[in-house]
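Per the numbering used here, residue 78 is the first one in the sequence shown, and the count goes up by one each step.
Below: the structure, in structure tokens.
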Amino acid sequence: MSRYLAFISYRHHDRDQRISALLRRGLEGCRLPENTPLPKKRRVFRDTDELPTSADLGEDISSALRESEWLIALCSPEYVESKWCMREIRLFVEAGKKDRILPVLVSGDPETSIPPEIRDLPAAGDLRGVPGRSLRHAADPVVFSLLAKMAGT
């Protein structure tokens, strides 16, 4: 059993940080039916919350990726430009877990926001165009979609 159900990969921009926090709270706190194959207690890795002050953040991130069942990528044009975010995608793909990457569009279009390595995967959610004050409500259906995909339904 993995340490984390999911690893949230995102850029450290205000909007993406807010979305990642909402998704983490929703994924960990959502009550699921008894017959769901997902664990009742779910832990989601979000670096801002999980990483201690460390001399080797690269190894801490790599370890968390290895110990995660799924990767949720908050995709935007800025995401594709991030060396760290692309490294996270690459490590997950190299681990043979490409089919466990769940892209969520947060801005831009699929061609400019989803990394080429995973562009063939369907988007698991779309939060583009949602005003900041509405993000909390808009994140709920994305959480349900992510959990459904993780549960295989």
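Just so it is clear, CB atoms sit at the ideal spot from N, CA and C, and this is done for glycine as well.
- In this structure, the beta-carbon distance from Ser86 to Leu151 falls below 8 angstroms.
- Among the bridge pairs identified by DSSP, Asp176 is matched with none.
- Cβ neighbours of Cys107 within its own chain (closer than 7 angstroms, five residues either side excluded): Val220 and Leu224.
- Shown here, Glu146 sits in a strand according to DSSP, grouped into three states.
- Boundaries of the alpha helix (DSSP H) around Ala98: Asp91 to Gly106.
- Between the alpha carbons of Glu155 and Arg196 lies a gap of roughly 16 angstroms.
- Setting aside the 5 residues that flank it on each side, Glu144 is surrounded in the same chain by Ser79, Arg80 and Tyr81, each with a C-beta closer than 7 angstroms to its C-beta; the list follows chain order.
- Partner residues in the beta bridge of Leu182, as assigned by DSSP, are Cys152 and Asp203.
- In this chain, the alpha helix (DSSP H) harbouring Ser190 covers Pro187 to Ser190.
- Three or more pairs of CB atoms, one per stretch, sit closer than 8 angstroms, so the stretch 173-182 contacts the stretch 196-208.
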